[in-house]
Structures are given as structure tokens and as C-alpha cells.
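Written below as C-alpha cells is the structure these notes are about.
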DNA sequence: GCGTTACATATTTTT
DNA sequence: TATGTAACGC
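Residue numbers (my numbering): 168 to 897.
Structure (C-alpha cells):
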């Protein structure tokens with residue numbers, strides 16, 4: 168197969184630019200994944216680069232998996248030798264090998280956000296800081312920010328009182344992690360940089376191994392990631408990065424798209440290649456996207472183009488409230504499906520905040536429309552899954568305090584705050600670990616009469632737990648992850664604990680069984696427990712099991728990045744939602760909101776709906792809403808539907824007519840309209856494009872009227888009276 | 001130690 | 001609205 172024949176000129180240039188640094192500025196839908204994979208294939212096949220000398224870094228497991236799959240097709244079994252993975256997975260692997268240099272045992276546990284928060288909370292309590300005043304999430308965010316910027320607790324220079332608190336917690340936090348032989352996500356990056364900086368011999372080894380470094384979504388790198396790449400690549404300079412600053416939507420997590428500028432400065436003479444040709448969307452959609460993003464000041468102008476004709480206009484719709492917004496989306500999807508224009512699975516509904524999914528879901532539920540909700544509660548964040556994994560973790564890494572705390576009284580075994588508090592303060596007093604303290608307790612209890620600070624009942628409960636753990640540790644030496652998990656479940660009576668007769672209990676138990684199935688995939692693998700734990704620590708979701716049914720997808724704009732759909736609905740196009748009220752304080756944040764909107768728009772291949780409401784309730788309060796400023800950025804020639812105005816008068820008038828009838832729970836939307844519809848079944852009408860037809864049904868929808876017409880020549884269509892220019896005949 | 005009730009709280013979340 | 005935590009009582 169000729170690799171290059173399948174690429175356009177810019178893509179080919181990117182793929183074949185072999186020596187020296189390169190920056191590919193790739194617009195949405197411009198084939199960047201193709202460029203990355205073909206470049207790897209090109210290096211191996213045409214340039215004779217050994218696969219083991221190539222490393223390709225992504226942000227998500229999904230992206231890494233996709234790249235691996237494509238490479239398998241291009242290169243065959245050779246691709247086994249490639250290093251393809253997420254920053255975190257690659258760093259974890261390096262640290263399992265080199266972590267000893269920083270004093271870590273290779274069996275370290277990786278703490279996810281949940282675990283991290285648990286540590287922060289414990290420390291806040293320990294240091295007597297009021298959780299109300301210093302919320303764990305906020306403190307943790309500051310710590311994480313510091314780590315992403317490679318600032319150690321010693322180097323941390325607080326610039327505010329809040330940061331002063333964070334600095335103290337940070338120091339204690341790092342100590343706590345060390346005591347638990349645990350690293351958090353940020354540590355994985357920070358410590359690899361530290362190893363490289365402090366041990367030139369180690370750095371040299373990795374530099375020599377990886378002669379070619381490729382990075383996807385480079386605009387999302389944080390400082391730590393950038394420094395890491397720079398260390399790895401500054402000698403051979405074969406650093407190839409793909410970026411789109413317009414899709415930078417994670418700055419609040421430390422991503423810094425100024426790394427693009429840093430790259431240009433640090434890697435002088437880097438080849439810059441623009442991928443502006445879009446293979447995804449219609450011209451109309453691209454123009455709308457360009458119109459929105461061009462208002463950002465901090466960007467290098469870039470103009471997408473396509474040869475996919477004009478396409479249909481972007482449909483702007485105002486619904487009365489979020490119920491009718493959902494109803495509108497549902498109606499439109501069902502109408503298009505009925506007309507054979509698309510399948511349900513071609514449609515996606517995107518929103519700014521997860522809470523918005525609810526109204527959409529309710530509408531779909533009412534209408535009997537199945538849907539796929541992406542990323543609500545992720546599998547590995549479920550309580551029962553975290554519990555199960557925590558048991559396995561304390562068997563593999565007994566120092567893991569967060570996991571121990573999690574399970575020591577789960578299911579309840581009479582070990583409450585009091586007893587545990589006593590246990591740990593006793594351990595501190597004795598200058599030993601909690602486990603050591605338990606052993607000491609056992610010795611004392613056996614010698615009968617020796618002093619210890621527990622009552623008989625508490626002591627017995629503690630010793631029962633110690634015994635349980637010891638048995639499982641013994642088992643862990645000979646059994647694999649799945650068998651061990653099964654044993655854990657049995658020994659703890661976890662099934663009985665979960666299956667409490669409720670449906671939720673059944674669901675939870677089923678999830679545990681699913682986890683067991685995942686574990687079973689590691690049977691026969693050497694060190695199956697270690698491998699399994701690493702996998703579940705770094706993978707946030709199980710593989711979308713079997714691609715499932717043909718149903719519309721509901722997801723946040725953030726999660727939509729990297730995806731595409733023929734039909735896209737962006738709902739909640741309102742001030743305060745998009746842009747979000749919490750992000751409207753600074754120009755930078757506003758630009759990010761704009762990029763978020765841009766990401767959403769550019770997900771659409773053929774049809775784009777931008778939906779806003781007249782009033783919306785949040786936190787149980789219903790308030791009038793204003794159309795998003797981003798709507799005003801789109802030229803009206805691209806729109807189908809009225810251009811939302813800020814004008815107050817007609818809106819106020821409409822509110823009276825609608826508000827009087829539109830309220831009330833459970834009532835299906837669009838029933839009991841305030842005025843008579845202008846059309847009714849049986850009316851003969853004429854449409855400028857579709858010709859003559861008969862009205863089948865008409866109902867008020869939001870502030871408009873939805874008319875279903877059977878046209879003599881064009882068949883059944885659903886139209887909005889306000890735009891359709893329908894005229895009654897006769 | 002564990003279940004109940006009052007009260008504050010409220011984006012986005014690749015790993 | 002709905003969720004999670006703190007305080008309270010058994």
C-alpha cells in the first residue's frame with residue numbers, strides 16, 4: 168500500500184518531514200490522527216526507524232487505543248515494539264522501573280481524584296482547617312496546579328492566604344502519599360521529570376531509546392508534560408507535535424496552550440504545517456465555527472475550508488424552557504429518522520453542564536426514545552468498584568492508607584471512627600504503622616491481660632479484620648487477580664452487603680461482577696494483580712461494551728472533543744450556560760468558553776442545531792434567559808431561524824402568553840397551547856419549495872407552531888410555521 | 001456505631 | 001432540584 172497516496176499535500180508534508188522538530192496546526196476534522204499514524208508507519212517502513220525507537224503520546228486511553236489499532240493495520244505485528252500510550256501510562260511505566268531512585272517501591276498505588284480528595288480531607292481535619300472555609304476540592308486544585316507547574320512544596324511561594332493554606336496542606340499531602348507508597352496522577356509526570364533532571368544517566372538512556380517523539384493534542388499539555396517532552400527530545404530534536412489552540416478547553420486543569428509558543432522558541436527552526444482542509448463538515452457549519460472562534464484575540468488566525476458544498480443552514484431554535492428544549496430535540500430527531508434522513512445513532516446532544524442532561528433524558532424517556540448517556544458516573548468511580556479495588560490494593564500495597572480506610576469498615580464490622588482513631592493514634596504513639604499496631608494488639612491480647620487501649624469488642628473486631636487481611640495476603644501470593652477478587656468478595660460477605668433487596672443493590676452487584684470479568688481477562692498474565700491494578704488506575708472507563716444500540720448520544724461539550732456526528736444539537740445556548748456564569752469573569756475564561764462552543768459546532772458533519780430557551784430553571788429556580796452571545800457571532804445568512812435579539816419588548820409579550828400555560832410538571836410538552844394553532848389537520852397549504860399539500864397535524868411548539876404536512880410531491884415534512892412561509896389555499 | 005434530619009451547596013474532569 | 005456533610009439521638 169502506498170502510504171502517501173492517501174494524503175493531501177499538507178498531510179504528506181507533515182508525514183514526510185523526518186528530521187527535526189515539526190508543529191502541525193490541525194483544525195478539526197483535518198485528519199490529524201491519520202497524519203500521526205501514517206507518520207509512524209512512514210518512519211518505520213520508509214525510513215528504517217526501528218519501532219522501539221518511536222514513542223507516540225496521547226492524552227486519553229481511547230486515542231491511544233485507536234492509534235494502536237490503526238498502526239496494527241498499517242504495520243502488522245511490528246507495532247508491538249512501538250511505545251504508544253497516554254502521558255500517565257508511559258510515566259507510570261518509567262516510574263515502576265526507575266522510581267527506586269526517588270525512594271518509591273515499584274508496587275506503588277496510583278491515586279485518582281477521589282483518593283486524592285480523601286487525603287486532602289483527612290489532612291484538613293488533622294490540621295484543624297475548616298472544610299467550609301477551605302474546601303477540599305479547591306485546596307486540591309491548588310496543589311495540583313503547583314505539581315503541574317513542577318513546583319515542589321519547598322518551592323511553593325504562596326501569593327494569597329488561600330495559597331498559604333494550600334502550601335501547608337501540600338507539604339503534608341506529599342508526605343502522606345509517600346507514607347502510603349502512593350503517587351497521584353500529577354506525581355506520575357512530576358516525578359519522571361525529577362528523575363530525568365536528577366539522573367542524567369537515566370535521561371540519556373531514554374533519549375537514546377526514543378529517537379522520535381510524537382504528541383497528539385499538544386495544546387492540552389501542561390508545563391510538566393512540556394518539560395518532559397523537551398527533556399526527552401531536545402537532543403535529537405525529532406519532536407513532532409499536533410496542536411489546535413482553538414480546541415484548548417482544559418486550561419482549568421493546567422493545560423497551557425502557550426506551550427505551542429514555547430515549542431516554537433525552544434525548538435528553533437521547527438517546521439510549521441497547517442492542516443486547514445476539513446473533511447468533516449459542510450461549508451455552512453465551518454463558516455459558523457469560524458465566525459464564532461474568530462472573535463478570540465489570543466489565537467493565530469486559521470481558516471478552515473472544505474469542498475463539501477454549502478450544506479443546509481444552521482438551525483437556531485428558541486424553546487420555552489428546558490422541558491420543551493428536550494421535546495424539540497426529540498421531535499427533530501424522530502422526524503429526521505422517520506424521514507429517513509438519519510439514524511438515531513447519528514445524532515448527538517451536547518451541553519455545557521451535566522445537569523442539563525436531565526431535561527433531555529426526561530423528554531426522551533417520555534417519548535420512549537432510547538439514548539446513550541456518556542460519562543455520567545464512570546465505571547471505575549462507582550462506590551462498589553472502588554471498594555473492590557481498594558481490597559486488592561491493600562493486598563498489593565499494604566501501606567495504602569486511603570484504600571485501607573475505605574474498606575476497613577466496609578461492609579460495617581464494628582470499626583467506627585472512635586476505634587479507628589484510637590488505633591491510629593496508638594500506632595503513632597508506638598511509632599509504627601497501623602498494621603504493626605494490629606500485630607502488637609494481637610500479641611498483647613494473646614498474652615492475656617497486657618495493656619492496650621481497646622475495649623473487648625473493638626479489639627475483637629480489629630483482630631478479625633487483621634485475620635481476614637492475612638488470609639487474603641496469603642492467597643494473593645498464589646492466585647491471580649480474578650480469583651483473588653472472588654475470594655475477597657466471599658470473605659467479606661460483600662455480596663450480601665450490596666444485595667439489600669433494592670434494585671440499586673442489584674445494579675451494584677452486577678457492576679462488581681463486571682469488574683470480575685475484567686479481572687478475568689488478566690488470568691494467566693504474569694503478575695496479574697499488578698497489571699490489573701495498573702490498568703484500572705489509569706483507565707477511567709471500560710471499553711464501550713459492544714458499541715450497543717443505535718441511539719442518540721447525550722454528552723458534555725468537553726467529552727465531545729475528538730468525536731463527530733452527522734447531526735448535532737447544542738442545547739442551552741444561553742448566557743450563563745454557554746458561556747458559563749462561572750467562566751465569565753475574565754477574558755481568558757471567556758475565550759475558553761468560546762472554544763468550547765467552537766468544539767461543539769465543529770463536531771457536526773451535516774446538520775447543526777443551536778437551541779436556547781426563553782427561561783430555564785436551575786437549582787429549582789426558574790429564570791428568564793438571554794440567548795448566548797456566541798449566537799450573535801454567526802452571520803444570519805448561515806442561519807435558519809430567527810436571529811435572537813437582545814430586544815426586550817417582543818420577548819416580554821411572548822412570556823405572558825407562554826408562561827400562563829407552559830408550566831406544570833409531567834405534562835407532555837406542546838399540549839394545551841395558549842392560542843389556537845393557525846393550521847389544523849385537513850387544511851390545504853402551499854409551500855414555496857415543496858408545493859401543495861395537506862396538513863396532517865399542527866401543534867404549538869415553544870413560541871412557534873409545528874406543522875406536519877403531507878406534500879403531494881415531496882411527501883411528509885415537519886415544518887415550523889414561522890419559517891416555512893406556508894400559505895393556506897382555498 | 002449507625003441511622004436520621006437539617007442545612008448549605010452548586011462547571012467543565014483526557015489521567 | 002438533589003446531593004453531600006454535620007449534628008443529633010438511639
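Heads up, the beta-carbon is just placed ideally off N, CA and C, and yes, glycines get one too.
- Cβ contact annotation for residue 537 (same chain, cutoff 7 Å, sequence separation greater than five): 716 and 718, in chain order.
- Between the segment 399-415 and the segment 235-244, the count of C-beta pairs closer than 8 Å stays below three; the two stretches do not touch.
- Under the DSSP assignment, residue 379 falls in the beta strand (DSSP E) whose first and last residues are 379-382.
- DSSP places residue 686 in the uninterrupted alpha helix (DSSP H) bounded by 670-687.
- Taking the C-beta atoms as reference points, residue 775 is found no nearer than 8 Å to residue 760.
- Taking a contact to require three or more Cβ pairs closer than 8 Å, the segment 410-426 and the segment 752-768 qualify as touching.
- Between the beta-carbon of residue 388 and that of residue 437 there is about 15 Å, and that puts the pair past the 8 Å contact cut.
- Secondary structure within the segment 473-543: the alpha helix (DSSP H) runs of 4 or more consecutive residues, fully enclosed, are 489-505 and 524-533 (chain order).
- Counting along the chain, the unbroken beta strand (DSSP E) around residue 789 starts and ends at 788-791.
- Going by DSSP, residue 351 is part of no alpha helix (DSSP H) but of the beta strand (DSSP E) stretching over 349-351.
- A Cβ-Cβ contact shorter than 8 Å links residue 218 with residue 245.
- Taking residue 603 as the centre and dropping the five residues before and after it, the same chain places the C-beta of 594 and 597 closer than 8 Å to its C-beta, in chain order.
- When the alpha-carbon of residue 454 is set against those of 771, 877, 848 and 779, the nearest one is in 771.
- Pairing residue 548 with residue 281 gives a Cβ-Cβ distance under 8 Å.
- C-alpha of residue 583 to C-alpha of residue 264: approximately 39 Å in a straight line.
- Scanning the segment 691-749 for uninterrupted alpha helix (DSSP H) segments of 4 residues or longer gives 695-705 and 724-727, listed from N- to C-terminal end.
- For residue 783, no alpha helix (DSSP H) run applies; the uninterrupted beta strand (DSSP E) run containing it begins and ends at 782-785, by DSSP.
- Of all alpha-carbon atoms in 511, 172, 877 and 232, the one lying nearest the alpha-carbon of residue 736 is that of 511.
- For residue 732, same chain residues with a beta-carbon under 8 Å away, outside a window of 5 residues either side, are 513, 514, 515, 720, 770, 771 and 772 in chain order.
- In this structure, DSSP gives residue 437 a state outside helix and strand, which the three-state scheme calls coil.
- Every beta strand (DSSP E) stretch that sits fully inside the segment 197-284 and reaches 3 residues is listed by chain position as 221-225, 250-253 and 276-278.
- With a 10 Å radius around the Cβ and a threshold of 16 neighbouring Cβ atoms, residue 748 comes out exposed.
- Remark: C-beta atoms of residue 483 and residue 210 do not approach each other more closely than 8 Å.
- With 16 or more neighbouring CB atoms inside 10 Å of its own CB, residue 194 falls in the buried class.
- For residue 307, the enclosing alpha helix (DSSP H) covers residues 303-315.
- Annotation for residue 546: no beta strand (DSSP E) segment contains it, and DSSP assigns it neither H nor E.
- Residue 634 sits away from residue 626, with the two beta carbons spaced by 8 Å or more.
- When DSSP reads this structure, residue 407 sits in a beta bridge with 189 and 381.
- Within the same chain, 530, 531, 534 and 536 come within 7 Å of residue 497 by CB-CB distance, once the 5 residues on both sides are set aside.
- The DSSP-derived three-state label of residue 444 is strand.
- DSSP places residue 854 in the uninterrupted beta strand (DSSP E) bounded by 851-854.
- For the 8 Å CB-CB criterion, residue 332 and residue 385 do not form a contact.
- Distances from the CA of residue 372 to each of 220, 383 and 343 were compared; the closest alpha carbon is that of 220.
- In this structure, DSSP gives residue 874 an extended state, which the three-state scheme calls strand.
- Around the C-beta of residue 588, fewer than 16 other C-beta atoms lie within 10 Å, and the residue is accordingly described as exposed.
- The bridge partners DSSP lists for residue 775 are 735.
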